[in-house]
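Here's the structure we're looking at; comments come further down.
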Amino acid sequence: MQALDCAIIGAGPAGMTAAIELSKGGAKVAVLDRGTRAGGQIYRAAAASPLPNTSALGPDYQAGAELIAAFERTDLTHFASSDAWHLGDDGRVLFSHLGETHELHCREMLLCPGAMERPMPIPGWTLPGVMTAGAAQVMLKSDATVAEGAVFAGSGPLLYLIVAQYLRLGVPVTALVDTTPRQNYLNAAPLLPRALRQAGQLKKGIALLREIRSAGIPQYRFAENLEVLGQNKAKGLRFTSGGQIREIAAETIFLHHGVQPNLNMTRAMDLAHRWNPQQLCWQVETDAFGQTSIQHISAAGDGAGIIGADGARIAGRLAALNILHRLGRLSEADRNRQATPGIAKLAAMAPFRAFIDRLYHPANALRLPQNPDTLVCRCEEQTLADLREGFNQGARDPNALKSLTRCGMGPCQGRQCGHMVTGLLSQWRAEPTEAVGYYRLRSPQRLLTLDELSRFQAVPAPTHAEAAE
Amino acid sequence: MFRSLRSDGAPKVTLTINGQEVTAAAGQSVWSAMALTGQSVTRRAALSGENRSAYCAMGVCFECMVIIDGLPNQQACLHRVAEGMTVTTQNITQDCEAENAGP
Ligand SMILES: Cc1cc2nc3c(=O)[nH]c(=O)nc-3n(C[C@H](O)[C@@H](O)[C@H](O)COP(=O)(O)OP(=O)(O)OC[C@H]3O[C@@H](n4cnc5c(N)ncnc54)[C@H](O)[C@@H]3O)c2cc1C
Ligand code: FES
Chain A
4 MQALDCAIIG
14 AGPAGMTAAI
24 ELSKGGAKVA
34 VLDRGTRAGG
44 QIYRAAAASP
54 LPNTSALGPD
64 YQAGAELIAA
74 FERTDLTHFA
84 SSDAWHLGDD
94 GRVLFSHLGE
104 THELHCREML
114 LCPGAMERPM
124 PIPGWTLPGV
134 MTAGAAQVML
144 KSDATVAEGA
154 VFAGSGPLLY
164 LIVAQYLRLG
174 VPVTALVDTT
184 PRQNYLNAAP
194 LLPRALRQAG
204 QLKKGIALLR
214 EIRSAGIPQY
224 RFAENLEVLG
234 QNKAKGLRFT
244 SGGQIREIAA
254 ETIFLHHGVQ
264 PNLNMTRAMD
274 LAHRWNPQQL
284 CWQVETDAFG
294 QTSIQHISAA
304 GDGAGIIGAD
314 GARIAGRLAA
324 LNILHRLGRL
334 SEADRNRQAT
344 PGIAKLAAMA
354 PFRAFIDRLY
364 HPANALRLPQ
374 NPDTLVCRCE
384 EQTLADLREG
394 FNQGARDPNA
404 LKSLTRCGMG
414 PCQGRQCGHM
424 VTGLLSQWRA
434 EPTEAVGYYR
444 LRSPQRLLTL
454 DELSRFQAVP
464 APTHAEAAE
Chain B
3 MFRSLRSDGA
13 PKVTLTINGQ
23 EVTAAAGQSV
33 WSAMALTGQS
43 VTRRAALSGE
53 NRSAYCAMGV
63 CFECMVIIDG
73 LPNQQACLHR
83 VAEGMTVTTQ
93 NITQDCEAEN
103 AGP
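Order-wise, the sequence lines are chains A and B. 4 is the number of the first residue of the first sequence in this note's numbering; add one for each residue after it. 3 is the number of the first residue of the second sequence in this note's numbering; add one for each residue after it.
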């Protein structure tokens, strides 16, 4: 039987671009994504929008439809609605599809799981009615569902983008509470001249802010001490801005302060990771082609370090070129020649990314809980005080704290609390993040029912002859 | 207040959310069907019993776990509505776990 050359996890801009390139190079490819359609976060439902008109979502979104169409025309196997929950360094992939477990084998694996939003553990963040700004995006793109009269709070391009999208669609917005610290503007200023080389991106950002300003919704800047009001559900947001305490009533509060790589897949595979101090998150270590510490496993896109959708496309293509080389389908010289423009483009994009990272550097007071009663672990209901107690009892690292307090043991498997726990321990130990580390993760990467495991199907498509052992 | 911007005329399915019969656009997520009918409590926290609701809408927080057709721990934001589906708020608190575990 013939082997599947490469399995790609994630059909966002990185995964789709890689799949097209690999298939063009003659490789047999399968792409898995838990979404019903390809697209990933940015291009979610771009090829089949439930909205009467997608122009309000902007040209970047509409450009996604072309990539999705090209992906769908490509000769490959796309497993949609397929959630990968075990990836082995032996090339084995287990995934759930419609309540059944499936298995496939591949020679090369490319991980493109994308990003998730950085948790924002302000008091009251677990109340119904508090969601992320990305959630507002997801609901808008895939379900044409919007929340009227919401307050948007936080910082960063994705926050401003969704506010602008709401306003273009005529959805009333109660306020934009901007938490970007004053100091960030000063810190970012020295990086501006180099960022200006990507003047187009900068103009886009400024136009977005101007658009929001001219819409005339209440805007508050340099907001601090955020707190969601309400007992059983959100009733409003309290914060300080301009030296005053303010309270704004709202049933829905959308929070956002940046994104971080989806870590669980790369962590569960025990790949080497490093702390990114600019983006304040862990990311898998790769070379320029996305190759990780295990040679036949590569990673690309925001799941391997935040570079944005355009960067993700380039990184996906670079990873594909290298995989083609590893499969013996492309000489090293040809790989390098074809990769040169992409590598140069990524390097040209870096100064703008550095500027944005510094400007929207998340405030520690929003990234780490400040109030002893605030929940850190939403699943197991562990508060800041509970974790501190665990630390005082001697739990010095994330795994010890997990066994002592159950923090990180719930269904989200640390996706929400992981970075907070690293940050808190680093503070308490007065040691760098790298010394603290992260949770040790294992498969399965999601909740599974026994019933589902019992319905097991090996994907009949090309199995990996060598992996049969 | 959640509202749909979908143009009318999209095919509909009928499902039951906490005993209430509702119609929802085919293909839409269970979570947004819940949100649009004002039933936004997805689960109760196991220890405190506090109300919880969808937070991320993209599958990474597990706050939206509901019971779908009798199966617990189903993420409402990742599941699509289907004709005849039954959705209930997940109420597995420690108390009732203890009860269930009884003789
Ligand atoms: C909620 C949200 C909304 C965003 N919206 C925008 C936007 O409007 N504009 C913008 O410029 N940037 C946006 N971003 C930033 C985003 O990260 C983009 O830069 C871009 O989508 C990254 O592309 P990617 O291919 O790396 O990953 P993604 O586009 O995130 O694609 C990753 C894919 O992997 C799939 N996946 C992950 N884990 C598994 C698994 N275990 N099994 C199966 N499939 C899996 C996901 O379903 C997803 O489709 C958003 C980010 C988030 C989190
Ligand atoms: S809302 Fe976060 S997992 Fe469904």
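Beta carbons: idealized from backbone N, C-alpha and C, even for Gly.
Under 7 Å Cβ to Cβ from residue i, same chain only, skipping five residues before and after it: list those, please.
i                         : result
serine 446 of chain A     : Trp88, His89, Ala271
arginine 332 of chain A   : Gly28, Gly29, Ala30
proline 184 of chain A    : Phe225, Ala366
alanine 103 of chain B    : Reliability of the predicted coordinates at alanine 103 of chain B is poor, the pLDDT of 36 falling under 50, and no value is obtained from them.
isoleucine 94 of chain B  : Ala48, Pro74
methionine 412 of chain A : Glu383, Lys405
glycine 159 of chain A    : His259, His260, Gly261, Tyr363
proline 13 of chain B     : Ala28
So, under 8 Å CB-CB, residue i and residue j are touching, yes? Tell me the CB distance rounded to an integer number of Å.
i                         : j                            : result
alanine 198 of chain A    : phenylalanine 355 of chain A : 5 Å
cysteine 410 of chain A   : glutamine 385 of chain A     : 4 Å
histidine 259 of chain A  : glycine 137 of chain A       : 7 Å
leucine 113 of chain A    : alanine 21 of chain A        : 6 Å
isoleucine 251 of chain A : valine 133 of chain A        : Actually they are not in contact, since the Cβ atoms of isoleucine 251 of chain A and valine 133 of chain A sit about 14 Å apart, beyond 8 Å.
glycine 428 of chain A    : aspartate 400 of chain A     : For the record, residue 428 of chain A in the displayed sequence is leucine; it is not glycine. Contact holds; Cβ gap of about 7 Å.
glutamate 215 of chain A  : alanine 291 of chain A       : The question names glutamate, but residue 215 of chain A is isoleucine in the sequence shown. 37 Å between Cβ atoms; not a contact.
asparagine 325 of chain A : glutamine 294 of chain A     : 6 Å
tyrosine 64 of chain A    : alanine 49 of chain A        : 6 Å
Between residue i and chain A, is any beta-carbon pair separated by less than 9 Å?
i                        : result
alanine 37 of chain B    : yes
alanine 78 of chain B    : no
alanine 48 of chain B    : yes
valine 43 of chain B     : yes
isoleucine 94 of chain B : no
I'd like to know whether the C-beta of residue i is nearer than 9 Å to at least one C-beta of chain B.
i                         : result
arginine 37 of chain A    : yes
threonine 104 of chain A  : no
serine 457 of chain A     : no
glutamate 120 of chain A  : yes
valine 176 of chain A     : no
proline 53 of chain A     : yes
asparagine 339 of chain A : no
aspartate 305 of chain A  : no
threonine 255 of chain A  : yes
glutamine 44 of chain A   : yes
leucine 114 of chain A    : no
leucine 97 of chain A     : no
asparagine 190 of chain A : no
threonine 452 of chain A  : yes
alanine 464 of chain A    : Because the pLDDT of alanine 464 of chain A is 49, which lies under 50, any placement of that residue in the model is unreliable, and the number read from its coordinates should be weighed accordingly. Taking Cβ atoms only, chain B never reaches closer than 9 Å to alanine 464 of chain A, which makes this a no.
leucine 172 of chain A    : yes
aspartate 86 of chain A   : yes
asparagine 265 of chain A : yes
Leaving out the 5 sequence neighbours to the left and right, which residues in its chain are closer than 6 Å to residue i when beta-carbon positions are compared?
i                        : result
histidine 364 of chain A : Asn187
aspartate 389 of chain A : Thr408
arginine 8 of chain B    : Ala27
leucine 54 of chain A    : Ala147
arginine 241 of chain A  : Glu230, Leu232, Glu250
glutamine 341 of chain A : Leu324
threonine 289 of chain A : Thr295, Ala302, Ala307
tryptophan 33 of chain B : Ala56, Cys66, Ala78, Cys79
Give me, in chain order, the residues of the same chain whose beta-carbon lies closer than 8 Å to that of residue i; leave out the 5 immediate sequence neighbours on both sides.
i                         : result
serine 244 of chain A     : Val180, Tyr223, Arg224, Phe225, Ala226, Glu227
valine 96 of chain A      : Ala10, Ile12, Leu35, Ala87, His89, Leu90, Glu106, Leu107, His108, Cys109, Met112
glycine 61 of chain B     : Gln77, Cys79, Leu80
leucine 371 of chain A    : Pro124, Met423, Gly426, Leu427, Gln430
glutamate 23 of chain B   : Thr16, Leu17
asparagine 395 of chain A : none
Requested in this report: Would you list, in chain order, the members of the segment 53-76 of chain B that have their beta-carbon closer than 8 Å to a beta-carbon of chain A?
Outcome: Asn53, Arg54, Ser55, Ala56, Tyr57, Cys58, Ala59, Met60, Gly61, Val62, Cys63, Phe64, Glu65, Met67, Leu73, Asn75
Query raised in the report: Can you list every residue whose CB sits closer than 7 Å to some heavy atom of ligand 2, going in chain order?
Result: A/Ala138, B/Trp33, B/Ala56, B/Tyr57, B/Cys58, B/Ala59, B/Met60, B/Gly61, B/Val62, B/Cys63, B/Phe64, B/Glu65, B/Cys66, B/Gln77, B/Ala78, B/Cys79, B/Leu80
Query - Within 8 Å of chain B by C-beta, residues of the segment 403-428 of chain A in sequence order - result: Gly413, Pro414, Cys415, Arg418, Gln419
Query raised in the report: Any residues in the segment 3-35 of chain B with a beta carbon nearer than 9 Å to a beta carbon of chain A? Which ones, in chain order?
Result: Met3, Phe4, Arg5, Ser6, Leu7, Arg8, Ser9, Ala12, Ala27, Gly29, Gln30, Ser31, Trp33, Ser34, Ala35
Requested in this report: Please list the residues of the segment 371-405 of chain A that have a C-beta atom closer than 7 Å to any C-beta atom in chain B, keeping them in chain order.
Outcome: Arg381, Cys382, Glu384
Query raised in the report: When you check each C-beta in the segment 230-248 of chain A against every C-beta of chain B, which residues fall closer than 7 Å?
Result: Asn235, Lys236
Query - chain B contacts made by the segment 124-153 of chain A, where a contact means CB separation under 9 Å - result: Trp128, Thr129, Leu130, Pro131, Gly132, Val133, Met134, Thr135, Gly137, Ala138, Ala139, Gln140, Val141, Met142, Leu143, Ser145, Asp146, Ala147, Thr148, Val149, Ala150, Glu151, Gly152
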